[in-house]
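Sequential numbering from 1 applies to the sequence shown in the working numbering. The beta carbon of each residue, even a glycine, is placed where N, CA and C say it ideally should be. Quick caveat: nothing in here was measured; it's all calculated off a predicted structure.
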Amino acid sequence: MKADTYRAPRLSVAPMMDWTDRHCRYLHRLMSRHTLLYTEMVTAPAIVHGDRDRLLSFHDDEQPVALQVGGSDPAQLAEAARIAEDYGYAEVNLNCGCPSDRVQSGSFGAVLMEKPTLVAACTSAMKDAVRIPVTVKCRIGVDDQDPHVILPEFLAQVSAAGVDRFSVHARKAWLQGLSPKENRDIPPLDYDLVFQMKGLFPHLHLSINGGIGTLDEAISFLERGLDGVMIGRAAYHTPADVLLDADARIFDDPTGRTAEEVVHLMLPYIADHLAQGGRLGQVTRHMLGLFQGRPGARGWRRHLSENVHADGAGPEVVLAAMDHITQLAA
């Protein structure tokens, strides 16, 4: 059964470079049928000129899945959006939040917070090219900008171009002097500002992102009037805590699975990946935090880490790692 793409943005897993690849998304989808999943950011030039199957292919069972793109050329982004729609993505999202040097040198990512007119032109071109939703992930500002001034201006200009869904990382990005890692913790988060934006733009679907670590926190933001919550690192490092109860508590779908059931459901996927020439560690690296906080979790992580690279390593390595969990649960 396909997940409800209309309600999916109530909870989403943030696009994260080197983390939210197709193996990670398949795992997360087994844990929540309805949560919206995002790809890693892929640049528009790579989509238009690169190996599209390698960059864009995904398993049908991942849906609803959104493609995040990076770029600042309207025509190129429109072409990338068309390609994304042809590949079957449920949404295409423009990155206006990544602070890395590589992104800045390409004049996209968080630096676009300084260019709302250009973002409006880009998203307008993208919307003209496709029927799927075009959305934006942004910061509250960059460097010396006053977020209380720049964010409403940004939302007003870009929404006037037809974008009605934004995911707002509630932290300013510093493009000079801070690394991307430091930009995840400095400067402080300003959740109140995002709530103010919801008051100013009640017609927009606003999801809040940044520092949200639990499902309880996510629910509190929804109960206080925001339309959605996007969780990043917590959904990756402690996926069971965030995703296993999400369908029941956020989407009113009582069907659910245990972490143990998810592991067994991953085994055919792993076998298929290996049969296509893949490596076990490419999948299991995303599973290390599955039992975080439970008895045997350390043994689970250690067994996987020490054995996935052996010649011929396959699903039996995962089953053996599971013994560290089941023996303590017995």
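Helix, strand or coil at ILE231 according to DSSP, with G and I counted as helix: strand
Touching by the beta-carbon criterion (3+ pairs, under 8 Å), the region 206-218 and the region 163-173: yes
Through-space distance from PRO74 to MET126, alpha-carbon basis: 7 Å
Per-residue DSSP class, three states only, for MET287: helix
Status (buried if at least 16 other CB within 10 Å, exposed otherwise) for MET17: exposed
CB contact flag (GLY232, LEU244, <8 Å): no
Whole-angstrom distance between ALA84 and PRO133, CA atom to CA atom: 11 Å
Same chain only: Cβ atoms within 7 Å of ARG301, ignoring 5 sequence neighbours per side: LEU288
Buried or exposed (CB count within 10 angstroms, at least 16 for buried), ALA310: exposed
Contact between the region 20-29 and the region 271-286 (3+ Cβ pairs under 8 Å): yes
With 16 other Cβ atoms within 10 Å as the buried cut-off, status of SER220: exposed
For THR43: DSSP bridge partner residues: GLY70
Proximity below 8 Å, CB of ARG33 to CB of ASP247: yes
Proximity of VAL318 and THR284 at Cβ, strictly below 8 Å: yes
Contacting residues, own chain, Cβ-Cβ under 7 Å from GLU316 (five flanking each side not counted): none
C-alpha distance - GLY109 paired with PHE154, whole-angstrom precision: 14 Å
Contacting residues, own chain, Cβ-Cβ under 8 Å from ASN170 (five flanking each side not counted): For the sequence presented, residue 170 should be read as Ala rather than Asn. Within the same chain, ALA170 has close Cβ partners ILE140, LEU189, ASP190, TYR191, LEU193, VAL194, ILE208, ASN209, GLY210, GLY211.
Residues bridged to GLU316 (per DSSP): The partner list for GLU316 (beta bridge, DSSP) is empty, contrary to what the question assumes.
Contacts around ASN307, its chain only, beta-carbon distance under 8 Å, and the 5 residues preceding and following it disregarded: ALA313, VAL317, ALA320, ALA321
Continuous beta strand (DSSP E) stretch holding SER207: start and end: 205-209
Element boundaries [beta strand (DSSP E), containing ARG10]: No beta strand (DSSP E) holds ARG10; DSSP gives it neither H nor E.
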